[in-house]
Structures are given as C-alpha cells and as structure tokens.
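Asks:
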Amino acid sequence: MPCFTFWSPHCSLEESNAKDLAYYTIAFQEAYQFDFIKIIESGMYIPEAFGQVIPPNVTPSMQSWQSVEKWRINHGKEWLQLRPLKVEDSPVFIREMEAGATGLFFGMQNGLNLKLGYEGYRKYEWASSARILDAIKDKCKFRMVHLCNGDGEAIDWALDLPCDAFNWADQQDNMPSLGEVRAKTDKVLIGGIKHNGGKSLDRTTAYLHAPNDFSGACRADVKAVMKKRVEDAIEQAGNKLVICGGCGVDMDARRRFPVFQEVMDEIAEERAAGRK
Ligand SMILES: [Zn+2]
C-alpha cells in the first residue's frame, strides 16, 4: 500500500512565529496522520535576510510574497553585490538533520530552471543542489526533491539528482505522467492527485477555490475521482509511490481529507484481500 500525505500551501499567519508554526504543524499531523510531515516555513526567509521587503500577511490565505514592496535585485549587476549571509553554525541542513529530522524536502523552482536553459541549469542549479543533497546523504533517510510548477521538460533534467524521491505536478497538462517518469527512474515517485486546477494572482485569494480533485459539492463524486486517481497512480508508478498532490493543496481541500482517508483505507483492504 503506498504511503500518502498532503501539505498546505503556506501558513500565512503562523509562519512569522516559531511557536505558532509548531502548533499548526502538530495539530495538522494529529488530525490527518499522514506518512510524512512537510514543515511549511516561510519561503521568504532567505530573500528577506538579503533585504527583500515583503508586507505581513493579514489573512490566513494571503500570499504576501506575491506583493513585494522592495526588491533586493532591480538590475542584473546587483547580484554581484550580494554577500554570503552570516548564518551562525551553518550549514543549516546538517544541523537540522542532526537534530532529528528523518528527511529533507528540497524544493526547486522548476519554472526558473527552465528559464536558465539546460546548460545554465546544470551549471548553477543542479550542481549546487547536488552538493547539498550529497552532503546530507548519511544524515537522513529520505531526501525528496520537489519540482515546483514550471514545465515538463525540466523534470527530466533533475532525475539524476542524488535523492530518494521526486514530486512534481503530474496531473498538470504540461507535465509528464507518473508512468512516463517511472520509465526513467526507479526512485520513489510522489503524486497522483490534482492539487490545484488553476492559478490566482490575487494575493489574498491565491490557492482558494481553484478546481481540484477535492472540489465539488457531492461527496460521492469527489470520492470516485479520488479513487480513480489513486488506482491510476498505483498502476503507473508501482509500489514505490507516495500518493500526494503536486504541491501544497488548496486551503479548503482539508475539508475533504476524510474522503481521501476513506479511499486509501478501501484500497488497502481491497489489496489485502487480493481483489486488486
Ligand atoms: Zn511547489
């Protein structure tokens, strides 16, 4: 039976306070009992540390990173002015692994990878990512590479990264299916569920109400879609699979997590009984 998990896009109100973020994360996991937890810290810690100015979030669904007030880089030459951050006790990743984290979620902006082009990607993005993933190989049990958004072409470029698992939006039109990637790698594949059917650029409603596999008024219909997706995913990827979305799910999707749990329980029973 494949493992399964989901994570939410961002903890907009909790992310600025470590205690609030820990409380959110524990409550989420206690409620849904997923097979691994992704800690949803702010993706803006590093740009902010370099001087990017981002307004505070004022609603749980607000994505203030989409409304930068002051850019640190306004011209290409300003990249040359950046100096390494003085982070005490670096490297951070290894410290976290030694503190007891079982795995690492390594997010890459797949859309930006494509903009770099193959040569630029391999030289700047792949090489430094591989260095980090290699450095922690003996420190954790599970290194997962998340290829966020973008286009299918750049998924292939990442498949030889030193990691244990890949996650991308396999249900998105321009992306390779689980079966297509399974033909190229025997690593764990993570996906199968359409987590977000569309994009909103409105910073206060991004990720809300875009149709996805959790959407719809009829519980039985949602369950049927889910069951088909999970069965398709198992068929395509085999058992080295974690059922999940291609990125953080819609804020409202968690109202349907019990339906998803039901689907996974039924499929486990069917497989145990040899009916699948
Ligand atoms: Zn993502």
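Numbering-wise, the sequence shown is residues 1 to 276 according to UniProt numbering.
Positions of the beta carbon are idealized from the N, C-alpha and C atoms, including for glycine.
1. Consider the C-beta atom of GLY111 and the heavy atoms of ligand 2; say whether any pair is separated by less than 7 Å.
2. Compute the beta-carbon to beta-carbon distance between GLN125 and LEU133, rounded to the nearest angstrom, for a pair I have assumed lies under 8 Å.
3. Using only CA atoms, which one of ARG256, ARG271, GLU269 and ILE267 lies nearest to ALA31?
4. Candidates VAL53, PRO55, PRO56 and ALA18: which alpha carbon is nearest ILE39's?
5. In this structure, how does DSSP classify GLY179 when only helix, strand and coil are distinguished?
6. Determine the contact status of LEU82 and PHE50, defining contact as a CB-CB distance below 8 Å.
7. Inspect the beta-carbon positions of ASN174 and GLY192 and report whether they are closer than 8 Å.
8. CYS247: beta carbon under 7 Å from a heavy atom of ligand 1?
9. Based on Cα-Cα distance, which residue from THR185, HIS195 and HIS146 lies nearest to SER215?
10. Going by other Cβ atoms of all chains shown within 10 Å of its Cβ, with 16 needed for buried, is TYR45 buried or exposed?
11. Locate the beta strand (DSSP E) running through PHE106, then write down its first and last residues.
12. Is residue 340 a contact residue of ligand 1, with contact defined as CB to any heavy atom under 7 Å?
13. Is any heavy atom in ligand 1 found nearer than 7 Å to the beta carbon of GLY107?
14. LEU241 and LEU159 look like a contact to me (Cβ under 8 Å); what is the Cβ gap, rounded to whole Å?
15. Can you tell me the Cβ-Cβ gap for ILE54 and TRP65, rounded? I've got them flagged as a contact below 8 Å.
16. Quick one: what does DSSP say ILE39 is sitting in, helix, strand or coil?
17. Do you know how far the Cα of ASP252 is from the Cα of residue 289?
18. Can you have a look at HIS10 and say buried or exposed, based on whether 16 or more other CB atoms are within 10 angstroms of its CB?
19. Taking contact to mean at least 3 C-beta pairs separated by less than 8 Å, is the stretch 169-186 in contact with the stretch 141-156?
20. Suppose the cutoff is 6 Å on Cβ atoms and the five residues either side in sequence are ignored; what does the same chain contact list for SER42 look like?
21. On the three-state DSSP scale, how would you describe VAL230?
22. Taking just the CA atoms, how far does ILE243 sit from GLU78?
23. To the nearest angstrom, how far is it from the Cα of ASP213 to the Cα of VAL225?
24. Excluding the 5 residues preceding and the 5 following ARG143 in the sequence, name in chain order all residues of the same chain whose CB lies nearer than 6 Å to its CB.
Replies: Quick answer:
1. As far as ligands go, the structure on display features ligand 1 and does not contain ligand 2.
2. One point to set straight first is that residue 125 is Glu, not Gln, in the sequence displayed. Going by Cβ atoms, the distance from GLU125 to LEU133 rounds to 12 Å, so no, they are not a contact pair.
3. ARG256
4. ALA18
5. helix
6. yes
7. no
8. yes
9. HIS195
10. exposed
11. 103-109
12. Given that the chain is displayed from residue 1 to residue 276, the structure contains no residue 340 and the question cannot be resolved.
13. yes
14. 16 Å between Cβ atoms; not a contact.
15. 6 Å
16. coil
17. The displayed coordinates of the chain run from 1 to 276. Any statement about residue 289 would go beyond what the structure contains.
18. buried
19. yes
20. GLU15
21. helix
22. 42 Å
23. 7 Å
24. LEU104, LEU133, CYS163 and ASP164
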